[in-house]
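A.B. asks: Using my numbering, the letters of the sequence shown correspond one by one to residues 22 to 265.
Glycine included, C-beta positions come from ideal geometry on N, C-alpha and C.
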Amino acid sequence: MYLTGRDAGRVAQAVEALPAGGAEVRGEVLDVAEPGAAARLATRLAERHGGVDIVFGNAVMRVGPDDDPRAVVRAYAEVNNFGTTRLLRAFAPLLRDGGRFLVVASSFGTLRHLAPVLHDRFDALSSLDEVDHQVAAWRDAVEDGSARAGDWPGFVNIPSKIGQVAAVRALAAQRRDDDLARGILLAAVCPGMMNTPTSALWWDASTAPSPAEAAKALLDLVFQPADPAHYGELVRYGEVLPWR
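As structure tokens, then:
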């Protein structure tokens, strides 16, 4: 098992803090915002192990209510969105039979949170390149201020999460038949509200589950038999959230 992060010291501390007696955990430095980092790690793991069984894509940049979207959107999209598509490109081809690739997203990642005039930007995209193109167009519109005059939501998390789910859907459309035949599950996952410092910036999350408690729903998708209805979808607590 590999635990990754962009800071070598924090990765080492996290590995050391894990309880003894379980799976062997190795730390690896991975900054998904660096264009070639995911591919390099995927190559190393393929050389060591021949493939991968489970991938969680959970990199996220923290943003608060006081942050100016124009100032943060470039770095935000680089981590949340381009980081996601880099992981998908690098690791999906390495999945073994019965594998799982789960992208942690949000219930905001559905088209109902976007103005109908913008739905075509993310609906029925056929490749990760197309997803990246649409995310870049949104990022540029936020950065130059033109998004304010349009129909884009002011909360950058919404288009970003929709972009993540669109990426899963685009890749799933390409891989569906082969993956289902091999028992592979590729899906986006909403873990629900969690009690984290980032959530507390926006909402009262004091009664929400801890990250460890919220992780159970993700682990259920890993250890239970793959449900074909979940494939390529956004799943929350075992149920599919409608895309449209």
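#1: For residue 146, name the three-state secondary structure that DSSP assigns.
#2: Which residues in the same chain have their Cβ closer than 8 Å to the Cβ of residue 32, if we skip the five residues on either side of it in sequence?
#3: Express the C-alpha separation of residue 180 and residue 135 in angstroms, rounding to a whole number.
#4: Would you check if there are 3 or more beta carbon pairs closer than 8 Å linking the segment 163-173 to the segment 99-112?
#5: Which stretch, first to last residue, makes up the beta strand (DSSP E) that contains residue 25?
#6: Applying the 10 Å Cβ sphere with the 16-neighbour rule, what's the burial state of residue 39?
#7: I need the boundaries of the beta strand (DSSP E) containing residue 118, first residue and last residue.
#8: Return the first residue and the last residue of the beta strand (DSSP E) that residue 208 is part of.
#9: Would you call the segment 203-214 in contact with the segment 113-129, where contact means no fewer than 3 C-beta pairs closer than 8 Å?
#10: Cutting at 6 Å between CB atoms, please list the residues of its own chain near residue 162, excluding the five before and the five after it.
#11: Between the segment 225-243 and the segment 146-161, are three or more C-beta pairs nearer than 8 Å?
#12: With a CB to CB cut of under 6 Å and the five nearest residues on each side skipped, what residues in its chain are close to residue 156?
#13: Could you tell me which residues DSSP pairs with residue 103 in its beta bridges?
#14: From what residue to what residue does the beta strand (DSSP E) around residue 76 run?
#15: Less than 7 Å between the beta carbons of residue 243 and residue 75, yes or no?
#16: Relative to the alpha-carbon of residue 152, which residue among 117, 138, 78, 104 has its alpha-carbon at the smallest distance?
#17: Name the residue from 255, 160, 72 whose alpha carbon lies nearest to the alpha carbon of residue 91.
#18: Got a sec: does the ligand NAP put a non-hydrogen atom nearer than 6 Å to the Cβ of residue 93?
#19: To the nearest angstrom, report how far apart residue 28 and residue 62 are at their CA atoms.
#20: Residue 257 bridges to which residues according to DSSP?
#21: Could you check what DSSP says for residue 203 in three-state terms: helix, strand or coil?
#22: So, with DSSP's three-state summary, where would you put residue 46?
#23: Between 182, 192, 84, 116, which has its C-alpha nearest residue 72's C-alpha?
#24: For residue 107, collect the residues of the same chain with a Cβ closer than 8 Å to its Cβ; drop the 5 residues on either side in sequence, then sort them by chain order.
#25: Please determine, among 194, 257, 191, 100, the residue with the shortest C-alpha to C-alpha distance to residue 83.
#26: Assuming residue 119 and residue 193 make a contact with CB atoms under 8 Å, what is their CB distance in whole Å?
C.D. replies: Once the coordinates are examined:
#1: What you label residue 146 is simply residue 125 of the sequence shown in a count that begins at 1. It is coil, neither helix nor strand.
#2: As a first step, residue 32 is located in the sequence shown; it is residue number 11 there, counting from the start. Around residue 32: 24, 25, 26, 48, 49, 50.
#3: Counted from its first residue, the sequence shown places residue 135 at position 114. Counted from its first residue, the sequence shown places residue 180 at position 159. Taking the straight line joining both Cα atoms gives about 8 Å.
#4: no
#5: Translated into positions along the sequence shown, residue 25 becomes position 4. Its beta strand (DSSP E) spans residues 23-26.
#6: To locate residue 39, count along the sequence shown from 1; it is residue 18. Exposed is the call here.
#7: Walking along the sequence shown from the start, residue 118 turns up at place 97. Here the beta strand (DSSP E) through residue 118 covers 116-125.
#8: The residue labelled residue 208 in the question sits at position 187 within the sequence shown. Looking at the DSSP string, the run of the beta strand (DSSP E) that includes residue 208 is 206-211.
#9: yes
#10: Here residue 162 refers to the residue found at position 141 of the sequence shown. These residues qualify, in order along the chain: 168.
#11: no
#12: Taking the sequence shown and counting its residues from 1, the one referred to as residue 156 is at position 135. Closer than 6 Å at Cβ, skipping near neighbours: 98, 102, 184.
#13: Here residue 103 refers to the residue found at position 82 when the sequence shown is read from its first residue. DSSP output for residue 103 lists no bridge partner at all.
#14: Locating residue 76 in the sequence shown gives position 55, where the first residue counts as 1. 73-78 is the span of the beta strand (DSSP E), which, as asked, contains residue 76.
#15: As a first step, residue 243 must be located in the sequence shown, where it is residue number 222. As a first step, residue 75 must be located in the sequence shown, where it is residue number 54. Their beta carbons are under 7 Å apart, which means residue 243 touches residue 75 by this criterion.
#16: The count along the sequence shown starts at 1 and reaches residue 152 at position 131. Nearest C-alpha to residue 152: 104.
#17: By 1-based counting over the sequence shown, the position of residue 91 is 70. The option with the nearest alpha carbon to residue 91 is 160.
#18: In the structure shown, the ligand NAP is absent, as is every other ligand, since no ligand is present at all.
#19: Your numbering for residue 28 matches position 7 in the sequence shown. Your numbering for residue 62 matches position 41 in the sequence shown. As the crow flies, the alpha-carbon of residue 28 is around 15 Å from that of residue 62.
#20: Residue 257 sits at position 236 when you count from the first residue of the sequence shown. Per DSSP, 211, 260.
#21: Here the question's residue 203 lines up with position 182 in the sequence shown. Residue 203 falls in the coil class under three-state DSSP.
#22: Position 25 of the sequence shown, counted from the first residue, corresponds to residue 46. Here residue 46 sits in coil by DSSP.
#23: Translated into positions along the sequence shown, residue 72 becomes position 51. Among 182, 192, 84, 116, the Cα nearest to that of residue 72 belongs to 116.
#24: The sequence position of residue 107 within the sequence shown is 86, counting from 1. Once the five neighbours on either side are set aside, the close Cβ partners of residue 107 are 53, 56, 58, 59, 60.
#25: Against the sequence shown, residue 83 aligns to sequence position 62. Residue nearest to residue 83 within the set 194, 257, 191, 100 is 100 (criterion: CA-CA distance).
#26: Residue numbering aside, residue 119 sits at position 98 when the sequence shown is read from its first letter. Residue numbering aside, residue 193 sits at position 172 when the sequence shown is read from its first letter. Between residue 193 and residue 119 the Cβ distance is about 17 Å, and since that is not below 8 Å, they are no contact.
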